[in-house]
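With this note's numbering, the residue at position 177 of the sequence shown is 179, and numbering never jumps.
We put the beta carbon where it would ideally sit given N, CA and C, even for glycine.
Each remark here refers to the structure printed beneath this line.
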Amino acid sequence: MAPKQRRCFLVCGIVALVCILIEKSPTASAAIIPRCDQFSEEYDIRNAARDQDVLLIVHESDDADLRRNLCNKLTTTPRARLEAKDLRFAYMELTDGHEETDNGEWNPGTRGFATTSLGAKMFPALVYISKGMDGKSKYKEHTTSYSGSVESDAIDMASVEKWIESKIGFRLGNDIYNIVFFDSVASLFMSYGDAKGLNKLKQRGLALMVRFSTLFSFKEPFSSIGAMYNRAFKMSFEHGVSYCEEQVGKLEKKLEKHQSNLSSDKKHEFQQKLAILKSFSDPKELSPEDVRQILIHGVLHIGLILATLLLLILPSEENDGDEEEEAVNAVPVEAKVVVEDVKPKKE
């Protein structure tokens, strides 16, 4: 097989392996990726509020921190909560009146609408709009604005979250997650104990499999949770497999001691760490299917690494061309002297 054909074959193999790994990629249990929709005019809001309640965030274009915070929490809210209520999450950036560049028509912007129709006094603002609006409905009959404390131009997030919960009936974000496949890998990892020799190499391979699985993942909550699993593997190598069990005891004592002083976010952080650490300290009993899935992922990862290495080792098309050119010019061609037939001049 020619080098060029081998490279094409390897590239196709790598693409196939990547597709299989993506299809089989682990996910954080109970996660969902809902949308925070952008509304750019009054019609969008009125149309959405016909059949759905709307939680709207209104903010200046250069001050989107509140929106990012709440939309990030939305992405970690369990599916069961979101499906229990017909609700739309959206935001609107404030714009001033301006002339459209393409047709010269006047665009009134969104600032006037936000202050008059929605009744927003300060920005960023939160507005809850109840469903049932039509073309004749007045906003004041359907809207409730957040009026909590504001200090140093920063809204108190604890107050915001409490207000949102009172309007929509559930708390946004932050549940405790586990990645089921990583739990299986952690259980197999712990079964070898403080290993040496071949079993130590197996543990290294399992830890590398998890690290490789999280290497190119930037989605939440998978990214941050994957980082916790990676750290648990690393610290188990450095301090022994009893490390996670010791950390569980320390965190549980700290959580119990400071329960009344911790914010909800800090409590969640502790509880999330405990959930990951307990995958190591209290490993589950692996089923034959769990072991099979680990083996499949292991083979796929090894195949991908080997195929990539072979692709790097094989000569490129440019080198192939150089070899062909060298082969053509390998046999020297002897130059022949050309003797011109010069006829004598007639006198």
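What number of angstroms, rounded off, separates the C-alpha of residue i from the C-alpha of residue j?
| i | j | result |
| --- | --- | --- |
| N74 | G175 | 8 Å |
| L297 | S149 | 56 Å |
| L279 | E44 | 49 Å |
| L314 | C246 | 39 Å |
| K142 | L120 | 7 Å |
| L308 | H299 | 14 Å |
| V259 | P110 | Looking at the sequence itself, residue 259 is Lys, so the reference to Val does not match. Computed Cα separation, rounded: 56 Å. |
| S241 | P285 | At residue 241 the sequence reads His, which differs from the Ser that was named. Distance between the alpha carbons of H241 and P285 is about 18 Å. |
| L311 | L276 | 38 Å |
| F214 | S281 | 19 Å |
| G305 | L84 | 40 Å |
| S205 | P80 | Reading the sequence as shown, one finds Gln at residue 205 and not Ser. Approximately 33 Å between the Cα atoms of the pair. |
| A51 | S189 | 48 Å |
| K140 | T118 | 11 Å |
| N49 | C38 | 16 Å |
| Y179 | T103 | 48 Å |
| K87 | A197 | 51 Å |
| K255 | L288 | 29 Å |
| M237 | K202 | 14 Å |
| T216 | S265 | 29 Å |
| S283 | H303 | 26 Å |
Are residue i and residue j close, meaning C-beta to C-beta below 8 Å?
| i | j | result |
| --- | --- | --- |
| V212 | F184 | yes |
| W108 | G99 | yes |
| F224 | A209 | no |
| V129 | L58 | yes |
| G195 | V250 | no |
| I181 | G228 | yes |
What residue does the alpha helix (DSSP H) around residue i start on, and which one ends it?
| i | result |
| --- | --- |
| G250 | Reading the sequence as shown, one finds Val at residue 250 and not Gly. It spans Y245 to K259 - the alpha helix (DSSP H) in which V250 sits, taken as one unbroken run. |
| D292 | P290 to I315 |
| E167 | M159 to I170 |
| E44 | E44 to A50 |
| D67 | D67 to T77 |
| M211 | L200 to T216 |
| R173 | Unbroken run through R173: none, as it is neither H nor E. |
| E240 | F224 to H241 |
| L190 | V182 to S193 |
| A116 | R113 to T118 |
Hey, could you find the ends of the beta strand (DSSP E) residue i is sitting in?
| i | result |
| --- | --- |
| T145 | T145 to S147 |
| A360 | No information on residue 360 is available, as it lies outside the stretch 3 to 349 that the chain covers here. |
| D55 | D55 to H61 |
| R90 | L89 to E95 |
By Cβ distance below 6 Å, which residues in the same chain neighbour residue i in space, the five residues on each side in sequence not counted?
| i | result |
| --- | --- |
| M159 | none |
| F272 | L253 and L257 |
| H61 | R69, F125 and P126 |
| D55 | L89, S132 and K133 |
| S147 | G121 and V129 |
| F235 | A209 |
| D292 | S186 |
In chain order, what residues of the same chain have a beta carbon less than 7 Å from the beta carbon of residue i, not counting five sequence neighbours either side?
| i | result |
| --- | --- |
| I35 | Its pLDDT being 44, under 50, I35 is placed unreliably in this model, and the value from its coordinates should be taken loosely. Excluding positions up to five away in sequence, the list reads T77. |
| L200 | none |
Taking only beta-carbon positions, decide if residue i is within less than 8 Å of chain D.
| i | result |
| --- | --- |
| G195 | In summary, chain D is missing from the structure at hand, where a single protein chain is found. |
By Cβ distance, which residues of its chain are closer than 8 Å to residue i, with the 5 residues on each side in sequence left out?
| i | result |
| --- | --- |
| S63 | E95, L96 and T97 |
| Q40 | A92, Y93, M94 and E95 |
| Y116 | Per the sequence shown, the amino acid found at residue 116 is Ala instead of Tyr. For A116, where only same-chain residues beyond five positions count, the Cβ hits under 8 Å are V60, M94, L96, A122, F125 and A127. |
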